[in-house]
Amino acid sequence: MKYRDVLIAEITPEMEGKEVRVAGWVHAVRRIGKLVFLILRDFTGTIQVTFRIPKDADDETKEKYKQIIKLVSSLSLESVVMIRGVVKRDPRAPRGVELLGKEIVVLNEAKSPLPLDVSGKVDAHIDTRLANRPIDLRRPESQAVLRLMSLATKTIRNYLYDLNFVEVFTPKIIASGTEGGAQLVPVFYFGKQAFLAQSPQLYKELLTSSLEYVFEIGPAWRHEESDTPFHLAEFISVDIEMAFADYNDVMKVLENVIKRVSDAIRDEGKRWLDIIKHEPLEVKLPIPRITYKEAWEILKNEGFDLEPGEDFGTPELRKLSEVLEKEGKTSGGFYFIVDWPADVRPFYTKRGKKDVIGGKEIDLSESFDLNWKHLEISSGSTRIHKRKELEEELKKRGLNPESFEWYLRWFDYGMPPHAGWGMGLQRLMVPMAGIQNVRLASTFPRDMKRLIP
RNA sequence: GCCGCGGUAGUAUAGCCUGGCCUAGUAUGCGGGCCUGUCGAGCCCGUGACCCGGGUUCAAAUCCCGGCCGCGGCGCCA
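Under our numbering, the residue at position 150 of the first sequence is numbered 146, and the numbers go up by one with no gaps.
Structure follows, in structure tokens:
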């Protein structure tokens, strides 16, 4: 069966008189006497289909249309239908154009009532929405977030390809934790204990010794006890790693990624932004950099009780971003915190200079976080490319270099200096699509309490 | 894991503080009716709910206790 020969958005008043087939979902039905309007929706939009009895029809035709009108007015919302109709220019119709219905085929009748309202008259809690995600995603505002994320992904890919990066896919089933710390997801693997990758970190580093400029957009798993609007047990990580580069080089790549994504969303994503009523960000380059030391001092001034070299929590970052915003030291809400204390960064982070913070000498590192307001969007660093230094860092963190031998041994055979970053894609959509919860930037989010749907 | 708030038809809400007038209101949906230009159509009739267990009381949606579930904040989180 031929279901459609045009998409709904392609129907224009200029097609007056043309017969077309469209397929989609029954978005609304309005019956006015012997006249019935059906609003049909596909992924491109909606169109009004009018069913009426032709005035000059013979009795047989009249009876046929009566049957159709009866059928249409009893259709349940969200039923799937194919409609054959004639395009009619009409100022009374919503887009100045409608279809005069000739035939309707019900492809799948929907049960009612629906678990949530698709037409947008009654809103639903996030829990209801996620529990009924396949139907929730029929709402344009729900779909808009995923469409904007797709646009962001395309933009990132295109830009990195332009910079001679190669897209890679590293293993997602791994033998042991890459860095310790985060809670791993265990899996069985041919009778052995294995885990789902929490990051492509170590593999992407190894690839800099061959492919040099690599990136990956893929899933990562963390079983943290983190039950917040900004954590997922399964999230999409955008990772790059660059040979012969340091953290300043990769920060430049990162800020260009942010700039290009926000520009693309503002321009190409306008239709979806309008649907969710979100104002696009204005990101200007460079994105301001503030050192950890400066941030620490600001927070100390604001009355936070912080040890020198201590990591920042959410309340700290909320305050810090508020201060920076006030001083105009953010760009569309984004800012870098650079030169973190080495001790609060992972073992593969290259050490930098020393500095005195709060009267105490602290070993810094060539590292950065990119934040948007209080939210950590990305973090990265120059990496250590000397085996000996890696071994020392592992030991300092109580990790056993032997269990990292599969990774360390390749540093003996020509590992170049390199740097990179990782970015949470769903977190990036918080500023880009104005969502309050990263779950909304996930098709079927996995979190501490959701495994279905 | 800790703290706070919440749980009323399919969905979203009012009622709870100050127990009785709740036979639990409204919107949307659903069933039926009227209407040939609606566009969140309108109007009329109907349908459907107090998370679970215990307690207080003459009387509990309402107050108390426990549980379960949800949301937010924090913690945890290269």
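All residues carry an ideal CB built from backbone N, CA and C; glycine is no exception. All values reported here derive from a predicted model rather than from experimental measurement.
TODO: Give the secondary structure of Ala140 by DSSP, where H, G and I count as helix, E and B as strand, and everything else as coil.
DONE: In the first sequence, the residue the question calls residue 140 occupies position 144. In this structure, Ala140 counts as helix in the three-state DSSP scheme.
- [ ] Could you tell me the boundaries of the alpha helix (DSSP H) in which Glu389 lies?
- [x] As a working note, residue 389 is residue 393 in the first sequence. Arg383 to Lys392 is the extent of the alpha helix (DSSP H) around Glu389.
Task: Distance between Val2 and Asn154 (C-alpha atoms, nearest Å) - done: In the first sequence, residue 154 corresponds to position 158, counting from 1. In the first sequence, residue 2 corresponds to position 6, counting from 1. CA-CA distance, Asn154 to Val2, rounds to 29 Å.
TODO: Flag this pair as yes or no: are the beta carbons of Lys(-2) and Arg17 separated by less than 8 Å?
DONE: Here residue -2 refers to the residue found at position 2 of the first sequence. Here residue 17 refers to the residue found at position 21 of the first sequence. Judged by beta-carbon spacing, Arg17 lies within the 8 Å limit of Lys(-2), meaning their Cβ atoms are closer than that value.
TODO: Give me the Cα-Cα distance between Ser195 and Asp235, rounded to the nearest whole angstrom.
DONE: Residue mapping note: residue 195 aligns to position 199 of the first sequence, counting from 1. Residue mapping note: residue 235 aligns to position 239 of the first sequence, counting from 1. Our two residues, Ser195 and Asp235, have alpha carbons roughly 9 Å apart in a direct line.
Task: Those residues which DSSP pairs with Arg446 across a bridge - done: Taking the first sequence and counting its residues from 1, the one referred to as residue 446 is at position 450. Note: Arg446 sits in a beta bridge opposite Asp443.
TODO: Determine the closest residue to Ala193 out of Arg0, Ser205, Val210 and Trp217, with distance taken between C-alpha atoms.
DONE: Here the question's residue 193 lines up with position 197 in the first sequence. Of the listed residues, the one whose Cα sits closest to Ala193 is Trp217.
TODO: Would you check if there are 3 or more beta carbon pairs closer than 8 Å linking the stretch 61 to 76 to the stretch 94 to 110?
DONE: Look at the beta carbons and you see the stretch 61 to 76 touching the stretch 94 to 110: at least three pairs across the two are nearer than 8 Å.
Task: Check whether Ile152 and Val249 have beta carbons under 8 Å apart - done: As a position in the first sequence, residue 152 is number 156, starting the count at 1. As a position in the first sequence, residue 249 is number 253, starting the count at 1. Taking the C-beta atoms as reference points, Val249 is found no nearer than 8 Å to Ile152.
Task: Those residues which DSSP pairs with Asp351 across a bridge - done: On the first sequence, position 355 is the one that residue 351 refers to. According to DSSP, which records beta bridges pairwise, Asp351 is partnered with Ile358.
- [ ] Just confirm the distance between the C-beta atoms of Leu464 and Phe191, as a whole number of angstroms; I'd bet it's less than 8 Å.
- [x] Any answer about residue 464 is impossible in this case: the structure gives the chain only from -3 up to 449.
TODO: Put Glu293 into one of helix, strand or coil per three-state DSSP.
DONE: Residue mapping note: residue 293 aligns to position 297 of the first sequence, counting from 1. DSSP places Glu293 within a helical segment (H, G or I) once states are collapsed to three.
- [ ] For the alpha helix (DSSP H) containing Leu67, list its first residue and its last residue.
- [x] Translated into positions along the first sequence, residue 67 becomes position 71. Boundaries of the alpha helix (DSSP H) around Leu67: Asp55 to Ser69.
Task: Unbroken alpha helix (DSSP H) run spanning Ser327, endpoints - done: Indexing the first sequence from 1 puts residue 327 at position 331. Note, Ser327: premise wrong, no alpha helix (DSSP H); not H, not E.
Task: Alpha-carbon to alpha-carbon, Gly348 and Ala305 - done: One-based indexing of the first sequence puts residue 305 at position 309. One-based indexing of the first sequence puts residue 348 at position 352. According to the sequence provided, residue 305 is Gly. The question's Ala does not apply to it. One alpha carbon belongs to Gly305, the other to Gly348, and they sit about 14 Å apart.
Task: Reference Phe47; option with closest CA among Leu31, Asn433 and Arg88 - done: Indexing the first sequence from 1 puts residue 47 at position 51. Nearest option by C-alpha distance: Leu31.
- [ ] Round the Cβ separation of Ile213 and Ile232 to the nearest angstrom and send it over; I've been treating them as touching at under 8 Å.
- [x] The sequence position of residue 213 within the first sequence is 217, counting from 1. The sequence position of residue 232 within the first sequence is 236, counting from 1. Correct: roughly 7 Å between the Cβ atoms.
Open item on the list: Checking the sheet assignment: what are the DSSP bridge partners for Glu237?
Closed with: Locating residue 237 in the first sequence gives position 241, where the first residue counts as 1. Glu237 is bridged to Val210 and Gly416.
TODO: Go ahead and label Gln44 buried or exposed: buried means 16 or more other beta carbons lie within 10 angstroms of its beta carbon, across all protein chains shown.
DONE: Within the first sequence, residue 44 is the residue found at index 48, counting from 1. In the assembly as shown, Gln44 is a buried residue. Its beta-carbon has 16 or more other beta-carbons within 10 Å.
Open item on the list: Let me confirm a value: Phe39 is counted as buried when at least 16 other C-beta atoms fall within 10 Å, else exposed. Which label applies?
Closed with: The count along the first sequence starts at 1 and reaches residue 39 at position 43. So Phe39 counts as exposed.
Open item on the list: I'd like the span of the beta strand (DSSP E) that includes Leu198, first residue to last.
Closed with: The sequence position of residue 198 within the first sequence is 202, counting from 1. Where Leu198 is concerned, there is no enclosing beta strand (DSSP E), although the alpha helix (DSSP H) it sits in stretches over Gln197 to Leu203.
- [ ] Give the DSSP-derived three-state secondary structure of Ser375 in the structure shown.
- [x] Locating residue 375 in the first sequence gives position 379, where the first residue counts as 1. Taken through DSSP and simplified to helix, strand or coil, Ser375 comes out as strand.
Task: Inter-residue spacing [alpha-carbon to alpha-carbon] between Arg125 and Leu447 - done: Walking along the first sequence from the start, residue 125 turns up at place 129. Walking along the first sequence from the start, residue 447 turns up at place 451. Taking the CA atoms as reference points, Arg125 sits about 15 Å from Leu447.
Task: Residue nearest to Glu372 in terms of C-alpha spacing, selected from Arg314, Lys66 and Val102 - done: Along the first sequence, one-based indexing puts residue 372 at 376. Comparing Cα-Cα distances from Glu372 to each of Arg314, Lys66 and Val102, the minimum goes to Arg314.
Open item on the list: To the nearest angstrom, how far is the alpha carbon of Gln139 from that of Ala19?
Closed with: For the purposes of this step, residue 139 is taken as residue 143 along the first sequence, with counting starting at 1. For the purposes of this step, residue 19 is taken as residue 23 along the first sequence, with counting starting at 1. Spanning the two alpha carbons is a distance of roughly 19 Å.
TODO: Find out if the Cβ-Cβ distance for the pair Ile286, Tyr344 is shorter than 8 Å.
DONE: What you label residue 286 is simply residue 290 of the first sequence in a count that begins at 1. What you label residue 344 is simply residue 348 of the first sequence in a count that begins at 1. For Ile286 and Tyr344, no; Cβs fall outside 8 Å.
Task: Asn367 classed as buried or exposed, judged by whether at least 16 other C-beta atoms fall within 10 angstroms - done: Locating residue 367 in the first sequence gives position 371, counting from the first residue. Buried is the call here.
TODO: Look at the Cβ atom of Arg134, then the Cβ atom of Val114, and state whether they are nearer than 8 Å.
DONE: Position 138 of the first sequence, counted from the first residue, corresponds to residue 134. Position 118 of the first sequence, counted from the first residue, corresponds to residue 114. Yes, these two residues count as a Cβ contact at 8 Å.
TODO: Just list the beta strand (DSSP E) runs in the stretch 240 to 323, keeping only unbroken ones of 3 residues or longer that don't cross its boundaries, in chain order.
DONE: Look at the stretch 240 to 323 and you find these whole runs of beta strand (DSSP E), each 3 residues long or longer: 285 to 287.
- [ ] Taking Pro282 and Glu251 to be in contact with their CB atoms under 8 Å, please state how far apart those CB atoms are, rounded to whole angstroms.
- [x] For the purposes of this step, residue 282 is taken as residue 286 along the first sequence, with counting starting at 1. For the purposes of this step, residue 251 is taken as residue 255 along the first sequence, with counting starting at 1. A Cβ-Cβ distance of about 6 Å is found for the pair Pro282 and Glu251, placing them in contact under the 8 Å criterion.
Open item on the list: Between the alpha carbons of Ile79 and Glu59, how many angstroms are there, rounded?
Closed with: The sequence position of residue 79 within the first sequence is 83, counting from 1. The sequence position of residue 59 within the first sequence is 63, counting from 1. Rounded to whole angstroms, Ile79 to Glu59 spans 19 Å at the Cα level.
TODO: Output the distance between the C-alpha atoms of Ala338 and Glu387, rounded to the nearest integer angstrom.
DONE: Along the first sequence, read from residue 1 onward, the residue named residue 338 stands at position 342. Along the first sequence, read from residue 1 onward, the residue named residue 387 stands at position 391. Roughly 15 Å separates the two Cα atoms.
Task: DSSP three-state assignment for Lys84, whether helix, strand or coil - done: Locating residue 84 in the first sequence gives position 88, where the first residue counts as 1. Lys84 falls in the strand class under three-state DSSP.
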